[in-house]
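**Q**
2 protein chains.
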Amino acid sequence: MRIALDAMGGDEAPLKIVEGGVQALRESGNRFELVLVGRKDAIEKELSRLSVPGLNLSIVHASEVIEMHETPNTALKQKRDSSIVVGSNLHKEKKVDAFVSAGNTGAFMAASTLILGRLKGVGRPAVGTPLPTVKGTCFLIDSGANSDSRPQHLLEFGVMGSIYAREILRKENPTVGLLNIGEESSKGNELAQAAYPLLEKSGLNFIGNVEGRDIFAGKADVILCDGFVGNIVLKFAESILPTLKNRFMSYASGNPLKLVWAGLMSRTLKKVLKGFSYEVQGGAPLLGVDGIPIIGHGSSSVLAVKNMVLRAEEMANRNISRLIENSITQIETKAE
Amino acid sequence: MRIALDAMGGDEAPLKIVEGGVQALRESGNRFELVLVGRKDAIEKELSRLSVPGLNLSIVHASEVIEMHETPNTALKQKRDSSIVVGSNLHKEKKVDAFVSAGNTGAFMAASTLILGRLKGVGRPAVGTPLPTVKGTCFLIDSGANSDSRPQHLLEFGVMGSIYAREILRKENPTVGLLNIGEESSKGNELAQAAYPLLEKSGLNFIGNVEGRDIFAGKADVILCDGFVGNIVLKFAESILPTLKNRFMSYASGNPLKLVWAGLMSRTLKKVLKGFSYEVQGGAPLLGVDGIPIIGHGSSSVLAVKNMVLRAEEMANRNISRLIENSITQIETKAE
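Order-wise, the sequence lines are chains A and B.
If you count the first sequence from 1, position 307 lands on 299 in my numbering, and the numbers rise without skipping.
If you count the second sequence from 1, position 236 lands on 228 in my numbering, and the numbers rise without skipping.
Next up, the structure:
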């Protein structure tokens, strides 16, 4: 198994990225090959800091870097030798089995879709994001690849999300909920109303509508929505920990006793909310393309990168793309 | 000023509702008249528990109660003598200046829209919800009255939200943000893309798109979205405190030392997150109808009801409905 890692993508690239990749390789006991994509000299410099002899890693040089603020389509056209394009081409040519990037999300999604191509039967690839719940983890799909989805697309998201939940989150017969504003099937916008009956007869373990409050409650293993809604929910969710932190700082600010108290509390809070950090969730795969691209948070830490690389290997091992293609074809045959 | 309160609406009605209303009246120094709508005997029973002589309150009898689980339209047709219908009729006849209910939200919204009618120039009334931010409070509109809004409706929400933010949240020249999935004007779904230019030339203090992470960060005073998105965000937000609580209990469960520690922490957490409880936010007004209906959370506590009643009086004093009608007309003239 060969896992490519965009060494240049992320706010703290290549430093934290390379280190995270190396940690993943070490933790796995050298089980796969790590392919670091990016500027050779920069990557080698980072590797020299870490002790890597005997580790199963290689470098594929890419001279350019797509910066976080660049417009995806323009950047992809102009920077043909960027780590994102070079890595995606390796992925297309099956020289690697998965590709992880914490770089420019739009550029990475566009490159993955254009270069890898869609799987047979998939109308729209979608990003799925594992989110913490009080019961464990759920999978929010689509969390940002598509706006103005059609009902059929939500059905596809349901198929893809169920496979991820079963194979990776190890949920037997995962429950699927449609994100909506009420429980009854008649509730919601036109999209939700039209998707409901499709999901009902899909053969998925569809449990009906779920509301905003049901996400953290863990009411469904897979939560379906259009990417516009999903992306807003995801970014809102990601703001909760920083907001808590801000409130604590503001509470304690200028008061030494309160500061000590807040410091003690924050250690416990970290334990209590461990699963609520994106770092442990293994990144957000773009499902429905012919390959395994995993999107990382721009501010990915070493821990976050390590977990994404390990997740990528697991997804490749489970052959997620082939499972999706087979299931989508079956559902479509059924619907005809 | 006369403020009506649905004594029968809410999980703990009439007990907590009547008590909250009485507290508001007391706190205001008997400044307005509180009109309790509902079963006379049940209300009188609650009042007898509280010491109310000299308080400026009256009862309007309504023999029926619309329960929380009932289908709004059916319930409104069948229960013409319910507290929601009776209160809305009083409101329509200008016998009261505002009406607060923590009862069946759908039924209350429908009754308010149908019985009070829309203000001139308003295509779609919308629910606005004050939400906490690290800087104070923002106003999310629409948080659930409409799905599949059109661009013009988002403009109306912007006008109504700006008036609420200015008059009630005391923000001078409130900033208005369009909830979206990226900063650039070209981002988002068809609705957001079409609403952006309307907002740009509206004369509102439009600051462009805001993302999910910007809500708690307080980037905009007024946050505009379709009610489908807004309702999901709102219910998700409301689930944060219960989720934190659940995580703490689960952390401490079965370990006496941890339980003591968690107990100590929870007192501080309550202080730190005080603004994050819906109880202090004064309820969610339905704006754009000819009157001031304020929607309360089903599980409204005494504190929540007190704050809603006081907010209702403030909104009536500020004559919010007339201000909306005037502004909407101006914006429409401008757009022609």
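We treat Cβ as the ideally placed atom computed from N, Cα and C, and that holds for glycine.
So, for A/Lys8: in the same chain, excluding its five sequence neighbours on each side, which residues have a beta-carbon less than 8 angstroms away from its beta-carbon?
**A** For A/Lys8, where only same-chain residues beyond five positions count, the Cβ hits under 8 angstroms are Gly2, Ser292, Ser293, Val294, Val297.
**Q** Going along chain A, which residues have a C-beta under 7 angstroms from B/Asp134?
**A** Those within 7 angstroms of B/Asp134 in chain A number zero; the least Cβ separation is about 11 angstroms.
**Q** Taking the beta carbon of B/Gln273 as the centre, do at least 16 other beta carbons fall within 10 Å, making it buried, or is it exposed?
**A** By the neighbour-count rule (16 or more Cβ atoms within 10 Å), B/Gln273 is buried.
**Q** Do B/Ile224 and A/Ile107 have their CB atoms nearer than 8 angstroms?
**A** Not closer than 8 angstroms, so no.
**Q** Please report the residue range of the beta strand (DSSP E) in which A/Glu230 lies.
**A** Run containing A/Glu230: none in the beta strand (DSSP E); it sits in the alpha helix (DSSP H), 219 to 230.
**Q** Whose C-beta lies closer than 6 angstroms to the C-beta of B/Pro122 among residues of the same chain, with five residues either side of it excluded?
**A** Answer for B/Pro122: Thr129, Phe131, Gln273, listed in chain order.
**Q** Output the distance between the C-alpha atoms of B/Leu68 and B/Ile58, rounded to the nearest integer angstrom.
**A** Each residue's Cα considered, the two are about 8 angstroms apart.
**Q** DSSP three-state label for B/Glu38, please.
**A** Three-state result, B/Glu38: helix.
**Q** Can you give the Cα-Cα distance for B/Gly98 and B/Thr63, rounded to whole angstroms?
**A** B/Gly98 and B/Thr63: Cα-Cα distance of roughly 8 angstroms.
**Q** Looking at the C-beta of B/Ala209, does it have a partner C-beta in chain A at a distance below 8 angstroms?
**A** Cβ-Cβ to chain A under 8 angstroms: yes for B/Ala209.
**Q** Taking all protein chains shown into account, decide if A/Leu42 is buried (16 or more other Cβ within 10 angstroms of its Cβ) or exposed.
**A** Exposed, by the Cβ-count rule.
**Q** Quick check on B/Val252: buried or exposed, where buried means 16 or more other Cβ atoms within 10 Å of its Cβ?
**A** It counts as exposed.
**Q** Am I right that B/Pro6 and B/Ala(-1) are in contact with their C-beta atoms under 8 angstroms? What's the rounded C-beta distance?
**A** About 4 angstroms separates the two Cβ atoms, so the contact holds.
**Q** Where does A/Leu7 fall in DSSP's three states?
**A** In the structure shown, A/Leu7 sits in a helix (DSSP, three-state: H, G or I).
**Q** Where B/Leu183 and B/Arg142 are concerned, what is the direct C-alpha to C-alpha distance, given to the nearest angstrom?
**A** Going by the C-alpha atoms only, they are around 7 angstroms apart.
**Q** Taking the beta carbon of B/Asn65 as the centre, do at least 16 other beta carbons fall within 10 Å, making it buried, or is it exposed?
**A** By the 10 Å Cβ count, B/Asn65 comes out exposed.
**Q** In the DSSP assignment, find the beta strand (DSSP E) that holds A/Ala(-4) and state where it starts and stops.
**A** Note, A/Ala(-4): beta strand (DSSP E), -6 to -2.
**Q** Would you call the CB atoms of A/Val92 and A/Ile(-5) closer than 8 angstroms?
**A** Result yes, Cβ atoms of A/Val92 and A/Ile(-5) sit closer than 8 angstroms.
**Q** Could one say the Cβ of B/Ile224 lies closer than 8 angstroms to chain A's Cβ atoms, at least one of them?
**A** At least one chain A Cβ lies under 8 angstroms of B/Ile224.
**Q** Go through its chain and collect everything with a Cβ distance to A/Phe24's Cβ below 6 angstroms, but skip five positions before and after it.
**A** The answer, listed in chain order, is Met(-7), Ile(-5), Glu305.
**Q** Taking Cβ to Cβ, would you say B/Gly280 is nearer than 8 angstroms to B/Val114?
**A** Against a cut-off of 8 angstroms, the Cβ pair of B/Val114 and B/Gly280 comes out as a contact.
**Q** Just to confirm my understanding: we take B/Leu278, look at its own chain, exclude 5 residues before and 5 after, and list those with CB closer than 7 angstroms. What are they?
**A** Around B/Leu278: Met101, Ser104, Pro117, Val119, Ala137, Pro285, Ile287.
**Q** In chain A, which residues lie less than 8 angstroms from B/Phe228 when you measure between Cβ atoms?
**A** Residues of chain A passing the Cβ test: Gly204, Arg205, Ile207, Phe208, Val225, Phe228, Ala229.
**Q** Give the list of continuous beta strand (DSSP E) stretches no shorter than 3 residues that lie fully inside the stretch 71 to 104 of chain B.
**A** Within the stretch 71 to 104 of chain B, the complete beta strand (DSSP E) runs of at least 3 residues are 90 to 93.
**Q** Assuming A/Phe228 and B/Arg205 form a contact by the criterion Cβ under 8 angstroms, report the distance between their Cβ atoms to the nearest whole angstrom.
**A** The pair is a contact, with the Cβ atoms about 7 angstroms apart (cut-off 8 angstroms).
**Q** Flag B/Thr129 as yes if its beta-carbon sits less than 8 angstroms from any beta-carbon of chain A, otherwise no.
**A** By this cut-off, B/Thr129 is not an interface position.
**Q** Just to confirm, are A/Leu147 and A/Leu191 a CB contact at a threshold of 8 angstroms?
**A** Cβ atoms of A/Leu147 and A/Leu191: closer than 8 angstroms.
**Q** Taking 8 angstroms as the CB-CB cut-off, is B/Gly160 touching chain A?
**A** Inspection of the sequence shows that residue 160 of chain B is occupied by Ile rather than by Gly. Closer than 8 angstroms: no.
**Q** Near A/Tyr270, which residues of its chain fall below 8 angstroms by C-beta distance, leaving aside the five closest residues on each side in sequence?
**A** Here the set comprises Glu230, His289, Ala296.
**Q** Since B/Lys263 meets chain A, which of its residues come closer than 8 angstroms, beta carbon to beta carbon?
**A** Near B/Lys263 (Cβ distances below 8 angstroms), the residues of chain A are Tyr243.
**Q** Going by DSSP, name the residue or residues bridged to B/Thr167.
**A** DSSP lists B/Asn197 as partners of B/Thr167.
**Q** Could you check which residue in A/Gly109, A/Glu56, A/Lys86 has the C-alpha nearest to that of A/Gly95?
**A** It is A/Glu56.
**Q** A/Met257 versus chain B: which residues are under 7 angstroms apart at the beta carbon?
**A** Going along chain B in sequence order, the residues near A/Met257 (Cβ under 7 angstroms) are Met257, Thr260.
**Q** Cβ of B/Val221 within 8 angstroms of Cβ of B/Leu171?
**A** The answer is yes: Cβ separation under 8 angstroms.
**Q** Quick check on this structure: which residue in A/Ser74, A/Phe149, A/His83 has the alpha carbon closest to the alpha carbon of A/Gly283?
**A** Taking only the C-alpha atoms, the option nearest A/Gly283 is A/His83.
**Q** Taking the beta strand (DSSP E) that A/Ile58 falls in, what are its first and last residues?
**A** Element bounds for A/Ile58: n/a, residue is neither H nor E.
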